[in-house]
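Novice: This is the structure I want to talk about, given as structure tokens.
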Amino acid sequence: MDNAVLIRSARFRQERENDWARLEQIVTAAEKRGVHNLSYDDARDLASLYRQAANSLSVAREISLDKALLQYLEALTARAYLAVYAPQERLGGLVSRFFLKSAPQAMRRSALFVLMGFLAMFLGAVAGYLLFLENPSWYDVFLPADLAGGRGPGASTEYLRSVIYQDEAHSGLGAFASFLFSHNTRIAIFVFGLGIFACAPAFLLTFYNGLIFGAFVALHVERGLGWDIAGWLSIHGVTELSAICIACGGGLKLGSAVLFPGQRLRTEALREEGKDAVKLAIVAAIMLFAAAILEGFGRQLVQDMNTRLIIGWGIGALWLSWFVFVGRENK
Amino acid sequence: MTQKARTKRVVRKSNLRLIEDFMPPEGVPITFETAGLGVRLGAQILDILITFLFVIAIVIMLAIVDLSRGETVMAVGSLLFFFIRIPYYILTELFWNGETLGKRMLKIKVVSADGRSLTPHAVVVRNLTKEAEVFLPIALMFTMPGMDGWGVLASLAWIGACLIGPFFSKKRQRLGDFIAGTYVIHKPVARLLPDLSRATTVQHAERFAFMPHQMDHYGAYELQTLETLLQRDTSKTVTYETRRRNEETMDAIVTRIRRKIDYSDPIEKKDHRDFLKAFYAAQRAHLEQRQLFGDKRDDKYQLAERNKNNGA
Numbered sequence: 001m002d003n004a005v006l007i008r009s010a011r012f013r014q015e016r017e018n019d020w021a022r023l024e025q026i027v028t029a030a031e032k033r034g035v036h037n038l039s040y041d042d043a044r045d046l047a048s049l050y051r052q053a054a055n056s057l058s059v060a061r062e063i064s065l066d067k068a069l070l071q072y073l074e075a076l077t078a079r080a081y082l083a084v085y086a087p088q089e090r091l092g093g094l095v096s097r098f099f100l101k102s103a104p105q106a107m108r109r110s111a112l113f114v115l116m117g118f119l120a121m122f123l124g125a126v127a128g129y130l131l132f133l134e135n136p137s138w139y140d141v142f143l144p145a146d147l148a149g150g151r152g153p154g155a156s157t158e159y160l161r162s163v164i165y166q167d168e169a170h171s172g173l174g175a176f177a178s179f180l181f182s183h184n185t186r187i188a189i190f191v192f193g194l195g196i197f198a199c200a201p202a203f204l205l206t207f208y209n210g211l212i213f214g215a216f217v218a219l220h221v222e223r224g225l226g227w228d229i230a231g232w233l234s235i236h237g238v239t240e241l242s243a244i245c246i247a248c249g250g251g252l253k254l255g256s257a258v259l260f261p262g263q264r265l266r267t268e269a270l271r272e273e274g275k276d277a278v279k280l281a282i283v284a285a286i287m288l289f290a291a292a293i294l295e296g297f298g299r300q301l302v303q304d305m306n307t308r309l310i311i312g313w314g315i316g317a318l319w320l321s322w323f324v325f326v327g328r329e330n331k
Numbered sequence: 001m002t003q004k005a006r007t008k009r010v011v012r013k014s015n016l017r018l019i020e021d022f023m024p025p026e027g028v029p030i031t032f033e034t035a036g037l038g039v040r041l042g043a044q045i046l047d048i049l050i051t052f053l054f055v056i057a058i059v060i061m062l063a064i065v066d067l068s069r070g071e072t073v074m075a076v077g078s079l080l081f082f083f084i085r086i087p088y089y090i091l092t093e094l095f096w097n098g099e100t101l102g103k104r105m106l107k108i109k110v111v112s113a114d115g116r117s118l119t120p121h122a123v124v125v126r127n128l129t130k131e132a133e134v135f136l137p138i139a140l141m142f143t144m145p146g147m148d149g150w151g152v153l154a155s156l157a158w159i160g161a162c163l164i165g166p167f168f169s170k171k172r173q174r175l176g177d178f179i180a181g182t183y184v185i186h187k188p189v190a191r192l193l194p195d196l197s198r199a200t201t202v203q204h205a206e207r208f209a210f211m212p213h214q215m216d217h218y219g220a221y222e223l224q225t226l227e228t229l230l231q232r233d234t235s236k237t238v239t240y241e242t243r244r245r246n247e248e249t250m251d252a253i254v255t256r257i258r259r260k261i262d263y264s265d266p267i268e269k270k271d272h273r274d275f276l277k278a279f280y281a282a283q284r285a286h287l288e289q290r291q292l293f294g295d296k297r298d299d300k301y302q303l304a305e306r307n308k309n310n311g312a
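Chains B and C supply the protein sequences, listed in that same order.
So for the first sequence, UniProt numbering puts the first residue at 1; every next one is plus one.
So for the second sequence, UniProt numbering puts the first residue at 1; every next one is plus one.
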């Protein structure tokens, strides 16, 4: 209206309305096609118009009682904020940064916790081994029947040997799939997740897993199949058991944040330590995935004991060198 | 009495919508409306359907190509579901700025609670914990019938623990949101309504002239309520019924205002709208000017209280 009464806040609004309309147009384009696809002019204007709009909002809150204006500016600023501060990540950059930098760095930062994870597994294995040698009936206590698959103190040596060097009827994809949802993956998930309850469940579960492992090995060593079982286990076990220990390290890291937050709040500590712990969990998941491939395909294809040992420990050495050497920054 | 009426209003306002102040790096607080659990559940269901359809398509393809054994297909299917959904949530939320397809359809969005942009870490964490918080309870519900007493008890405890978080946190955060430092909002809709202070002409402003003391009865809340009412007429979809009801409300309001501010000149019924518009413009100019001088008036109770204290 031409002969309208123009009060101060209306003048304020009139002067800036065009800029806001332009900002809204850019923001709509950014929401639809992403900030990457904006033209040079639009991208440049987005940042400055966003700051102007935020400024206008702050002024309008002080001088204007125009509800229409306040609501519009609030929504517009919020939308522009979301467009300006959208994560600017590329998938390739993200993946390569994880593998080349952040994962090995997180591993080195949490080396102590990971070593504690390995320690838990090792102590469990030694205990399981010794207990079995003392009294074989411990075996049934440790191993759930479905996991043992008929391989117990009652089984004949011939049967044990045949399991180690058999051509399994179902192999490949099916075995691979069934493995992933098997015992050890579940253990790894629990070991990580339960670590948050003050470390103890993670440590105990890993220890228990070690017990199973120790008893299982002891059974075969007693029958003179020590090297054969070492080969059978090594090909995927080096990777798989390490994954469990690393998941345990992540769990212990979470638990230690809850137990010893230091000067921080517990939630704060959990959030900070969680950054590394999550990376450990992802590393463990990748290793379990690799172990599944090895178990699903490698174990059937490679029947020779020495080759099995070499492959298993060679891959273990590769993991170790990834953790130790990759992503070091020169200072 | 006044105190009671005031608290009542505050409660009513906060119950309606979950509003959160949010501080971006520019230092101007923005308000976001937190997404409720219903809409989030809806988005989650949509996402599950989308990923599930995707998996079914792949499984059918596999079944046609080679693997005829049902058992294997099932195993591969459940495995695929696992391997498709984790990247699906992480990648969509990362590249579409906190929106999965389901969230996009329902117009909600994940934001970082600290006012910075969403980090890959936050997105990964909130979606990995989703496995334990959303998918594990669903799986437990399916497997529960086959469990023993303790198993059922433990599952129920876990499901309960997962549900408690969002219900009791102010920003409707689940556990993963807490750890990642994120929460979910409604995407704001920006629509600029006309400036009502300019809807009145000079002639009207002269015809309905107000004295300064007549402007000292109402505060910002009443002014904006009046604005909402007058803006209703400007929207395009006004039915005859709502228009009639608006007229009635307006008549009642004019009577109230006239009594309150002692406006003695008679106003014809057809001029009611122009009167209200003129009153709105005059009242807003007055209140804004007072506010510039540091005299902020939130509502009429504040004014009444102040007058009472000054009188005593």
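The beta-carbon is built from N, C-alpha and C at its ideal position, and this holds for glycine as well.
Just so we're clear, the structure is a prediction, and the values are computed from it rather than from any experiment.
Quick one: Cα of MET23(C) to Cα of PHE135(C), how far?
Specialist: Each residue's alpha carbon lies about 33 Å from the other.
Novice: Could you check the C-alpha separation between LEU320(B) and ALA60(B) for me, to the nearest Å?
Specialist: LEU320(B) and ALA60(B): Cα-Cα distance of roughly 59 Å.
Novice: Quick one: which chain C residues come within Cβ less than 8 Å of CYS13(B)?
Specialist: Here residue 13(B) turns out to be Arg, not Cys, going by the sequence shown. Chain C residues near ARG13(B): ASP195.
Novice: Determine, for residue 325(C), whether the minimum Cβ-Cβ distance to residues of chain B falls below 8 Å.
Specialist: No information on residue 325(C) is available, as it lies outside the stretch 1 to 312 that chain C covers here.
Novice: Considering only C-alpha positions, which residue in the set GLU222(B), VAL217(B), ALA198(B) and VAL191(B) is nearest to PHE207(B)?
Specialist: The residue with the shortest Cα to Cα distance from PHE207(B) is VAL191(B).
Novice: In this structure, how does DSSP classify GLU20(C) when only helix, strand and coil are distinguished?
Specialist: Residue state, collapsed to three classes: strand.
Novice: When you compare the segment 99-114 of chain C with the segment 38-46 of chain C, are there three or more beta-carbon pairs, one atom per stretch, that lie closer than 8 Å?
Specialist: Yes: the two stretches touch, three or more of their Cβ pairs being nearer than 8 Å.
Novice: Over the uninterrupted alpha helix (DSSP H) stretch that includes VAL283(B), give me the two end residues.
Specialist: First-last of the alpha helix (DSSP H) with VAL283(B): 266-293.
Novice: Buried or exposed for ASP298(C), going by 16 or more other Cβ atoms inside 10 Å?
Specialist: Flag for ASP298(C) reads exposed.
Novice: I'd like to know whether the C-beta of THR267(B) is nearer than 8 Å to at least one C-beta of chain C.
Specialist: Cβ-Cβ to chain C under 8 Å: yes for THR267(B).
Novice: When the Cβ atoms of the segment 186-201 of chain B are set against those of the segment 84-104 of chain B, are three or more pairs found closer than 8 Å?
Specialist: As far as the Cβ criterion goes, the segment 186-201 of chain B does not touch the segment 84-104 of chain B, which means the pair count is below three.
Novice: Starting from the beta carbon of PHE210(C), find every residue of chain B whose beta carbon is closer than 9 Å, and list them in chain order.
Specialist: Per Cβ cutoff of 9 Å: no residues; PHE210(C) is ~12 Å from chain B at best.
Novice: Is GLU158(B) helix, strand or coil when you go by DSSP?
Specialist: Helix at GLU158(B).
Novice: Return the first residue and the last residue of the alpha helix (DSSP H) that PHE32(C) is part of.
Specialist: Where PHE32(C) is concerned, there is no enclosing alpha helix (DSSP H), although the beta strand (DSSP E) it sits in stretches over 30-33.
Novice: On a Cα-Cα basis, can you pick out the residue from GLU89(B), GLY262(B) and GLY316(B) that is closest to ALA243(B)?
Specialist: Nearest option by C-alpha distance: GLY316(B).
Novice: Could you pull the start and end residues of the alpha helix (DSSP H) that LYS109(C) belongs to?
Specialist: No alpha helix (DSSP H) contains LYS109(C), which is instead part of the beta strand (DSSP E) from 108-112.
Novice: With 8 Å as the threshold, decide whether the Cβ of HIS217(C) is near any Cβ in chain B.
Specialist: No, no contact with chain B.
Novice: What residues from chain C crowd round VAL278(B), counting only those whose CB sits closer than 8 Å?
Specialist: Here the neighbours are HIS121, VAL124, VAL125 and LEU128.
Novice: Answer with buried or exposed for ASP41(B), where buried requires no fewer than 16 other C-beta atoms within 10 angstroms of its C-beta.
Specialist: Exposed is the call here.
Novice: Going by CA-CA distance only, name the one from SER9(B), LEU49(B), THR267(B) and ARG33(B) that's closest to ALA21(B).
Specialist: Closest by alpha carbon: LEU49(B).
Novice: If VAL278(B) and HIS121(C) are in contact, beta carbons under 8 Å, what's the gap, nearest whole angstrom?
Specialist: Yes, they are in contact, since the Cβ atoms of VAL278(B) and HIS121(C) sit about 7 Å apart, within 8 Å.
Novice: Within the chosen definition, does the segment 211-224 of chain B reach the segment 125-132 of chain B through at least 3 CB pairs nearer than 8 Å?
Specialist: With the cut-off at 8 Å, the segment 211-224 of chain B and the segment 125-132 of chain B touch.
Novice: Quick one: residues in its chain with C-beta nearer than 8 Å to the C-beta of TRP138(B), no 5 flanking neighbours on either side, listed in chain order?
Specialist: Taken in chain order, the residues that qualify are GLY128, LEU131, PHE132 and ALA215.
Novice: In whole angstroms, what is the alpha-carbon distance linking THR157(B) and ILE282(B)?
Specialist: Cα-Cα distance, rounded: 39 Å.
Novice: Would you kindly check if the distance between the Cβ of GLN224(C) and the Cβ of LEU196(C) is under 8 Å?
Specialist: No, the Cβ-Cβ distance between LEU196(C) and GLN224(C) is not below 8 Å.
Novice: Spell out a yes or no on whether the segment 237-257 of chain B and the segment 282-300 of chain B are touching, meaning 3 or more CB-CB pairs, one atom from each, closer than 8 Å.
Specialist: Output reads yes: the segment 282-300 of chain B touches the segment 237-257 of chain B.
Novice: Let me confirm a value: residue 333(B) is counted as buried when at least 16 other C-beta atoms fall within 10 Å, else exposed. Which label applies?
Specialist: Past the boundaries of the shown model lies residue 333(B); chain B is included only from 1 to 331, so the question cannot be answered.
Novice: Is there a Cβ from chain B that is less than 8 Å from the Cβ of ARG191(C)?
Specialist: True, the Cβ-Cβ gap to chain B drops below 8 Å.
Novice: With H, G and I counted as helix, E and B as strand and the rest as coil, what does DSSP make of LEU184(C)?
Specialist: The sequence given here places Val at residue 184(C); Leu does not occur at that position. Three-state result, VAL184(C): strand.
Novice: Taking Cβ-Cβ distances below 8 Å as the criterion, which residues of the segment 270-298 of chain B are in contact with chain C?
Specialist: Per Cβ criterion, the list reads LEU270, ARG271, GLY274, LYS275, VAL278, ALA281 and ILE282.
Novice: In chain B, which residues lie less than 8 Å from VAL28(C) when you measure between Cβ atoms?
Specialist: The contacting residues are ALA54, ASN55, LEU57, SER58 and THR77.
Novice: At a CB distance below 7 Å, what residues from the segment 29-55 of chain C approach chain B? Give them in sequence order.
Specialist: The segment 29-55 of chain C vs chain B, Cβ under 7 Å: ILE30, THR31 and PHE32.
Novice: Are any of the Cβ atoms in chain C nearer than 8 Å to that of PRO87(B)?
Specialist: For PRO87(B), the answer is yes, since a Cβ of chain C falls inside 8 Å of its Cβ.
Novice: Measuring CB atoms only, is the segment 223-241 of chain B touching the segment 296-316 of chain B, in the sense that at least three cross pairs come out at less than 8 Å?
Specialist: Touching, yes, given that three or more Cβ pairs across the two stretches are closer than 8 Å.
Novice: Reducing DSSP to helix, strand and coil, say where THR201(C) ends up.
Specialist: It is a strand residue.
Novice: Check whether chain C comes within 8 Å of GLY193(B), counting only Cβ atoms and requiring the distance to be less than that.
Specialist: It does: the Cβ of GLY193(B) has a partner Cβ on chain C nearer than 8 Å.
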